[in-house]
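*Asks:* Protein chains in written order, with the numbering used here: chain A, 3 to 364; chain B, 3 to 364; chain C, 3 to 364; chain D, 3 to 364. Ideal Cβ positions, reconstructed from N, Cα and C, are used throughout, including at glycine. The model shown is predicted, which means the values in this text are computed figures rather than measured ones. Take this structure, written in structure tokens, and hold onto it; I'll ask about it next.
4 protein chains.
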Amino acid sequence: MSASWGDNLRISIFGESHASHVGLVIDGLSPGKKIDFEKILKEMHRRAPGKNSLSTSRKEEDYPEIISGLFEGYTTGAPLTLIIKNKDFRSKDYSQLKDIMRPGHADYTANIKYQGYNDYRGGGHFSGRLTAPLVFAGALAKQFLEDEGIYIGAHILSVKDIRDKTFSQESLTREKFEELKKSSLALLDKDKEEVIKDLILKTKRQGDSLGGIVECAAIGVEPGLGEPFFDSVESKISSLVFSIGGVKGIEFGSGFEMSKMKASQANDSMYFNEKGLVKTRSNNNGGINGGISNGMPIVFKAAIKPTPSIAIKQDTINIKTGQNTSLELKGRHDPIIVLRVLPVLEAVMAIALLDLLKSKKF
Amino acid sequence: MSASWGDNLRISIFGESHASHVGLVIDGLSPGKKIDFEKILKEMHRRAPGKNSLSTSRKEEDYPEIISGLFEGYTTGAPLTLIIKNKDFRSKDYSQLKDIMRPGHADYTANIKYQGYNDYRGGGHFSGRLTAPLVFAGALAKQFLEDEGIYIGAHILSVKDIRDKTFSQESLTREKFEELKKSSLALLDKDKEEVIKDLILKTKRQGDSLGGIVECAAIGVEPGLGEPFFDSVESKISSLVFSIGGVKGIEFGSGFEMSKMKASQANDSMYFNEKGLVKTRSNNNGGINGGISNGMPIVFKAAIKPTPSIAIKQDTINIKTGQNTSLELKGRHDPIIVLRVLPVLEAVMAIALLDLLKSKKF
Amino acid sequence: MSASWGDNLRISIFGESHASHVGLVIDGLSPGKKIDFEKILKEMHRRAPGKNSLSTSRKEEDYPEIISGLFEGYTTGAPLTLIIKNKDFRSKDYSQLKDIMRPGHADYTANIKYQGYNDYRGGGHFSGRLTAPLVFAGALAKQFLEDEGIYIGAHILSVKDIRDKTFSQESLTREKFEELKKSSLALLDKDKEEVIKDLILKTKRQGDSLGGIVECAAIGVEPGLGEPFFDSVESKISSLVFSIGGVKGIEFGSGFEMSKMKASQANDSMYFNEKGLVKTRSNNNGGINGGISNGMPIVFKAAIKPTPSIAIKQDTINIKTGQNTSLELKGRHDPIIVLRVLPVLEAVMAIALLDLLKSKKF
Amino acid sequence: MSASWGDNLRISIFGESHASHVGLVIDGLSPGKKIDFEKILKEMHRRAPGKNSLSTSRKEEDYPEIISGLFEGYTTGAPLTLIIKNKDFRSKDYSQLKDIMRPGHADYTANIKYQGYNDYRGGGHFSGRLTAPLVFAGALAKQFLEDEGIYIGAHILSVKDIRDKTFSQESLTREKFEELKKSSLALLDKDKEEVIKDLILKTKRQGDSLGGIVECAAIGVEPGLGEPFFDSVESKISSLVFSIGGVKGIEFGSGFEMSKMKASQANDSMYFNEKGLVKTRSNNNGGINGGISNGMPIVFKAAIKPTPSIAIKQDTINIKTGQNTSLELKGRHDPIIVLRVLPVLEAVMAIALLDLLKSKKF
């Protein structure tokens, strides 16, 4: 099955882009946590479209409504349910897409899997809109993690082939994470901002779209989380990350680069620091050894493909007629989803870490 | 928890390198399948060490003993249990490693997680030896998959920075897969064989080790397997792949390269072929859209870090004394595990696909 | 964790009596099933309170709103989500119950488990109101089961010590099931109707309440569903049945009576009937051997305790003051919940059987 | 699927009566527990057959071999695996039973479910022999529970219609539990011993068999374990109990009797005792309210049907020929399994409670 994830924290996601709601149920939250609703709205705003010229002009009012599990502002310990009303219906935009499969999208695979009964409007259950509840759940999870001194941040590591700096010891701080959250373009190297904006706007004018890489990190994670089989920290995080549309790769620490190193370079040598804490000089392993956190920052990079919806003519099929055809998409599309996926990646990392933390505490 | 994986096929792994056995239980196998034991032994032999100068000279006799779930040569449908006796005990080799943590290994994280009670000998539960039962399970899964016309193959895509060709339409065939299985070094571009062997032997003499990338593919997979949330084909495969020691990254299709493409290039345009089957002209999405198989070959690449065990002196810690120290490992070690991990990656891909297939059939 | 159940069908329940909604998510429903909404409302009406003098006069408008997973009247295959708005708030009724624990209820255990943060109003997450979404899910499940020729029915086997007949071959028919659903008091022996009604009304006047036993059966279940370990048909059904408030016992077939038989009497002797189908002469095993359905009707009986809410003075504790105290409950309470639990038991049996059916089909 | 159970403790059972081994994997045990092996053997001896004239004369040497998860006598925290070699092969005894289905047994349902490929010898995977690993796991679980002050005991409540006393406050003590474990017939009312033994021996001579009821209890369980949905204490325990062959009913506290009470009698009134602990005057709810433990002893009764294997001629079917036939079983059979099931019920209660305890501790 599918729509349910987790061991000691369990999220069950639901909804379609053009059904009445999207939402999720979160089970396993500790009782007695006062929820900071404003913080949640801020996180959801980061994902929301229509903020500026770099994303689609569609407006979504992602107002989260909590319909269970909260009493007088505190979590009750019973399942917490979120629903978000879908508002911006323009079903006519999608009517031609019932039979003509958009390349790069899940139209064809959904049609096969659900035998043609899937709600195809706006991508239905496969819509990026489903990431709104994930961001909500992540915002909640972050509040619990912060009680344990764990903070999560992310930045755009690359857009197409324009590359930002990677996280360093200096930039892996709570302050930098806050600063990144506030910037319109979350970059460590601010000099790249203009060239990236220009590229996005130029690509938008071409009716095309861009991909990129996001680097995401958690600091303050104690050693000992995760399992050798089959709930490694990497397994847990990647199983959620690969549920986000558009992600095609993930690497931890130095990842693919590490395959080019010799062990004498790759092995992170260990030492006790002046406070008696175990540290490693480098962090090629991304804070994880043998599937288990080692106390260093947990770092991953995720590759995001270019938004499949483009205005350029593409070859494709009509599933009803069985004919080859072509397609030119109209409407408002994201020239790049990397910016909006960034808070989603933070969110699922938070969900994964909270589950791991809860699984450890016995 | 950990040691159990899967929805409609479930494997439960157990064992430590120097305990009496390693093994696993496989639940959910259909009854009535005649097991080809010789094929299983061949697959296990591919993973076994001590075959030539490119791997450790340790000999492991991985003779798999099936103690339940098989009756008169056929699967019964009840849980099938495999045990493999551990034979080559040299516990003295490891006695110094009780307190001195090997960099790059799970010694420290295991010590923390299990509060010092882990069986540290030879890496214990974290030992590469645990991949022997996985290869067994994969060999079984392959026999079921072949009944459905699904075949799995893999090759070494790179060793350090020496790179093989990637899979193409021509090399994604059952015959090529068989050929790769038989070669001592599974390469598509045979011209790279000598230079890779030389590099491995040279690195071995230096007491150092190498990493690399493996490309793994499945052909014959019908469209419609997998789920949007949270059991995407990518999630299922990656959750198993990241349980294999040394894997630090995974990408599907063009993966990280796709983040540098524009959608007009990245989108795999679709067409009905002459037989009326839906195909895509390129396969940047690696056979998966929206988490669901699209009928094209499923392809992933996994980054393997260099074997952490090296003869070169490294800085590290003594967990008992709380002192910084250094370590020079003796003994027989793999100069590269990429070759031996290759059949393990095939195996877990087979396990993941069989589970997905079983989860679909209703 | 808790609020999620099932293997190939998964339900995730949520809500509190006085929060804004109760509801559930059902994942794993096959796509393309046209839902008969009227049938669902009929089932929900059977459970609803306020219908006559035999139950509480509280009115609940259990109007089920489907907010995902349904498109143009057909299931999409994506998670189907139901929400039911809570309307009849009388929170003042419950204000005294924040600290005074009602005997027989979950007030104290909820307070301990959720550290005082549980929504105590009206029983919160423990309220019988949570069975409304279960009845909805069961009504859906029944529509899928009926496509497979499986029908479910139930009757009141006893109220206090007044006993109805048990199901016999003659009464285990689809027609009888329909008849029972329509009766105000679901009895096989209509002669018991008056005496039972009198007893209920008399007990109501005394401010006390009654328990009873429900017998529930499914016909048309093919042999071969269920598992020896740990998903026996009995395990699956009982794990759901014991989530219904007030159930304190369950037995399959002849159950506890069977412990008094000798095997020569208890063993259900087998034969091929004239159509070549395997049948048993008796059905002491309730259609299940070794945890697996044998093709005979599946029959269980569930013991329901008397509604704990009574108007009679009871000794109890004040959890805040740490003092012993006493309690006299005001308000509208069910003099017996057996009648209203009956459709809930049918519902969870339907859910369990649909999950078992889906788990078998591969 | 089936053979795996639990959330924060996970057991995976395997084996067939006449395959080489039976056993299980236990995952989730805390590291660092010194195992008292002698205690485990004692528990297993309680279940073993061949001890006296009241059970089958078959001798099983249930010597448990731990092949993983134990290091220098302590649990490592990695999965602990137990295997027990099957020794007493008399396959010829069972050869006639390949096609002739024993009434009351799982022969027919196994044949259907596994399409004729099940290992039919001695009941195969359905054999009572599979309870040996459960008793082992339970013995382990008990050692962990005792560290938390939790003790489990059981007695024979009835054999056919001869009834023992039920547990009372006086008999719910650790000392009484120990005493019961040592008796050849675990009865509270010793006066019933002779009459029960006589009945068993008489029934044995008739070639028939008997059923009965076991009452099982746990003392020292803290309040707050379990969940409202769907992991109530009752659900957890019953899902395991119904995996034991021969169990056809379970009730908690006063169970079915409670359905005959009025609430004024059934509700367990609450008070603070002199130590300020919350207690109830009666324990009709068996220590559980709303699915959650309330701090009182947890008590359940399980109904065991008479052993289906009898020497008396029975009507049945030949599945191969499609003919009705009859069957007279030869060989050594238990005249009653109640005595041997008793330690199994204790064991699964221990497993369920340890899982619940682990699930609570966060």
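Applying a beta-carbon distance threshold of less than 9 Å, which residues of chain A neighbour B/Y122?
*Replies:* Residue 122 of chain B sits at position 120 when you count from the first residue of the second sequence. The contacting residues do not exist; B/Y122 stays about 12 Å from chain A at best.
*Asks:* Go ahead and pull the three-state DSSP assignment for C/S335.
*Replies:* Indexing the third sequence from 1 puts residue 335 of chain C at position 333. The displayed chain sequence assigns His, not Ser, to residue 335 of chain C. If DSSP states are grouped into helix, strand and coil, C/H335 belongs with coil.
*Asks:* Taking 9 Å as the CB-CB limit, is B/A80 close to chain C?
*Replies:* Reading the second sequence from its first residue, position 78 is the one you call residue 80 of chain B. True, the Cβ-Cβ gap to chain C drops below 9 Å.
*Asks:* In chain order, which alpha helix (DSSP H) runs of at least 4 residues are fully inside the segment 221 to 251 of chain D?
*Replies:* Counting whole runs of 4 or more residues, the segment 221 to 251 of chain D contains the alpha helix (DSSP H) stretches 235 to 243.
*Asks:* Which chain A residues are close to C/S22, counting only those with a beta carbon under 9 Å from its beta carbon?
*Replies:* To locate residue 22 of chain C, count along the third sequence from 1; it is residue 20. Residues of chain A passing the Cβ test: E67, I68, I69 and S70.
*Asks:* If you measure from the beta carbon of D/D233 to each beta carbon in chain C, is any gap under 9 Å?
*Replies:* Along the fourth sequence, read from residue 1 onward, the residue named residue 233 of chain D stands at position 231. So yes, D/D233 belongs to the interface.
*Asks:* Would the beta-carbon of A/K307 fall within 9 Å of that of B/A219?
*Replies:* Numbered from its first residue, the first sequence carries residue 307 of chain A at position 305. Numbered from its first residue, the second sequence carries residue 219 of chain B at position 217. No. Outside cutoff.
*Asks:* Note down the Cα distance separating B/F364 from C/R104, rounded to an integer number of angstroms.
*Replies:* Position 362 of the second sequence, counted from the first residue, corresponds to residue 364 of chain B. Position 102 of the third sequence, counted from the first residue, corresponds to residue 104 of chain C. The pLDDT assigned to B/F364 is 48, lower than 50, so where the model puts this residue is not dependable; a value taken from the coordinates is nonetheless given after this. So the alpha carbons of these two residues sit roughly 46 Å apart.
*Asks:* When burial is assigned at 16 or more other CB atoms within 10 Å of the CB, is A/S234 buried or exposed?
*Replies:* Position 232 of the first sequence holds residue 234 of chain A. Result: buried.
*Asks:* Along the segment 269 to 297 of chain D, what residues have a CB closer than 9 Å to any CB found in chain C?
*Replies:* Listed in sequence order: N269, D270, S271, M272, Y273, F274, G278, V280, T282, R283, N286, N287, G288, I290, N291, G292, G293, I294, S295, N296 and G297.
*Asks:* Counting only Cβ-Cβ distances shorter than 8 Å, please list the residues of the segment 24 to 39 of chain A near chain C, keeping chain order.
*Replies:* Answer in chain order: V24, G25, V27, D29, G30, P33 and G34.
*Asks:* Among all the DSSP beta bridges, which residues are the ones paired with D/Y273?
*Replies:* For the purposes of this step, residue 273 of chain D is taken as the residue at position 271 of the fourth sequence. Note: D/Y273 sits in a beta bridge opposite D/K281.
*Asks:* Run the CB neighbour count on C/F39, radius 10 Å, all protein chains shown included, and call it buried at 16 or more, exposed below.
*Replies:* Your numbering for residue 39 of chain C matches position 37 in the third sequence. So C/F39 ends up on the exposed side.
*Asks:* If we cut at 9 Å on Cβ distances, does C/Y119 have a partner in chain D?
*Replies:* Taking the first residue of the third sequence as position 1, residue 119 of chain C is located at position 117. Chain D, which has no Cβ nearer than 9 Å to the Cβ of C/Y119, makes this no.
*Asks:* Quickly, what does DSSP pair B/P66 with across the bridge? List them, please.
*Replies:* Locating residue 66 of chain B in the second sequence gives position 64, counting from the first residue. In DSSP, B/P66 forms a bridge with B/I86.
*Asks:* Determine, using beta carbons only, whether B/S70 and D/G25 come nearer to each other than 9 Å.
*Replies:* Residue 70 of chain B sits at position 68 when you count from the first residue of the second sequence. Residue 25 of chain D sits at position 23 when you count from the first residue of the fourth sequence. Cβ distance < 9 Å, so B/S70 and D/G25 count as in contact.
*Asks:* Could you please give the first and the last residue of the uninterrupted alpha helix (DSSP H) stretch that includes D/K53?
*Replies:* The residue given as residue 53 of chain D occupies position 51 in the fourth sequence. That residue, D/K53, is in no alpha helix (DSSP H); it is neither H nor E in DSSP.
*Asks:* Could you name the residues of chain B that A/L351 contacts, counting a contact when the two beta carbons are closer than 8 Å?
*Replies:* The count along the first sequence starts at 1 and reaches residue 351 of chain A at position 349. Rather than Leu, the amino acid found at residue 351 of chain A in this sequence is Met. Under the 8 Å cutoff, chain B gives no residues; its nearest Cβ is about 14 Å from A/M351.
*Asks:* Give the C-beta separation of A/E67 and A/I37 to the nearest angstrom, bearing in mind that I take them to be a contact with Cβ-Cβ under 8 Å.
*Replies:* Taking the first residue of the first sequence as position 1, residue 67 of chain A is located at position 65. Taking the first residue of the first sequence as position 1, residue 37 of chain A is located at position 35. Their Cβ separation, rounded to whole angstroms, is 13 Å, which puts A/E67 and A/I37 out of contact at 8 Å.
*Asks:* Comparing the C-beta of D/S6 with each C-beta of chain A, is any distance below 9 Å?
*Replies:* Start at 1 with the first residue of the fourth sequence, and residue 6 of chain D comes out as number 4. For D/S6, the answer is no, since every Cβ of chain A falls outside 9 Å of its Cβ.
*Asks:* Compare the C-beta of B/P225 against all C-beta atoms of chain C and say whether one is closer than 9 Å.
*Replies:* Here residue 225 of chain B refers to the residue found at position 223 of the second sequence. Taking Cβ atoms only, chain C never reaches closer than 9 Å to B/P225, which makes this a no.
*Asks:* Establish whether the CB of D/S14 and some CB of chain A are separated by less than 9 Å.
*Replies:* Counted from its first residue, the fourth sequence places residue 14 of chain D at position 12. Cβ-Cβ to chain A under 9 Å: no for D/S14.
*Asks:* How would you list, in chain order, the residues of chain D whose beta-carbon sits under 8 Å from the beta-carbon of B/G130?
*Replies:* Position 128 of the second sequence, counted from the first residue, corresponds to residue 130 of chain B. By Cβ distance, chain D contributes nothing, its closest Cβ being about 15 Å from B/G130, past 8 Å.
*Asks:* Can you check whether the CB of B/I202 is closer than 9 Å to the CB of B/V343?
*Replies:* Counting from one through the second sequence, the residue named residue 343 of chain B turns up at place 341. Counting from one through the second sequence, the residue named residue 202 of chain B turns up at place 200. Cβ distance not < 9 Å, so B/V343 and B/I202 don't count as in contact.
*Asks:* From D/N88 to D/G126, what does the alpha carbon distance come to, in whole angstroms?
*Replies:* By one-based count along the fourth sequence, residue 88 of chain D stands at place 86. By one-based count along the fourth sequence, residue 126 of chain D stands at place 124. When rounded, the distance between both Cα atoms is 12 Å.
*Asks:* Hey, out of C/V223, C/K183 and C/R165, whose CA is closest to C/V197's CA?
*Replies:* For the purposes of this step, residue 197 of chain C is identified with residue 195 of the third sequence, where counting begins at 1. Nearest of C/V223, C/K183 and C/R165 to C/V197, Cα basis: C/R165.
*Asks:* Is C/K303 helix, strand or coil by DSSP?
*Replies:* Locating residue 303 of chain C in the third sequence gives position 301, where the first residue counts as 1. If DSSP states are grouped into helix, strand and coil, C/K303 belongs with the strands.
*Asks:* So, is C/K144 buried or exposed, given that buried needs 16 or more other C-beta atoms within 10 angstroms?
*Replies:* In the third sequence, counting from the first residue as 1, residue 144 of chain C sits at position 142. Looking at its Cβ environment, which holds 16 or more other Cβ atoms inside 10 Å, C/K144 is buried.
*Asks:* Is the beta carbon of B/N287 closer than 9 Å to that of B/G255?
*Replies:* Within the second sequence, numbered from 1, the residue matching residue 255 of chain B stands at position 253. Within the second sequence, numbered from 1, the residue matching residue 287 of chain B stands at position 285. Taking 9 Å as the Cβ cut-off, B/G255 and B/N287 qualify as a contacting pair.
*Asks:* Quick check on the DSSP output: the alpha helix (DSSP H) that includes B/S266 runs from which residue to which?
*Replies:* Position 264 of the second sequence, counting from 1, holds the residue named residue 266 of chain B. From DSSP, the alpha helix (DSSP H) with B/S266 extends over A265 to A268.
*Asks:* C/T168: beta carbon under 8 Å from a heavy atom of the ligand PLP?
*Replies:* No copy of the ligand PLP occurs in the structure displayed, which carries no ligand at all.
*Asks:* In angstroms with no decimal places, state the Cα-to-Cα distance between B/V301 and B/H157.
*Replies:* Against the second sequence, residue 301 of chain B aligns to sequence position 299. Against the second sequence, residue 157 of chain B aligns to sequence position 155. Their backbone Cα atoms lie some 11 Å apart in a straight line.
*Asks:* Within its chain, find whatever has a CB closer than 7 Å to the CB of C/A354; leave out the 5 residues flanking it on each side and keep chain order.
*Replies:* On the third sequence, residue 354 of chain C is found 352 positions in, with the first residue counted as 1. The answer, listed in chain order, is K238, I239 and L242.
*Asks:* What does DSSP give as the partner residue(s) for A/Y153 in the beta ladder?
*Replies:* Walking along the first sequence from the start, residue 153 of chain A turns up at place 151. Per DSSP, A/I221.
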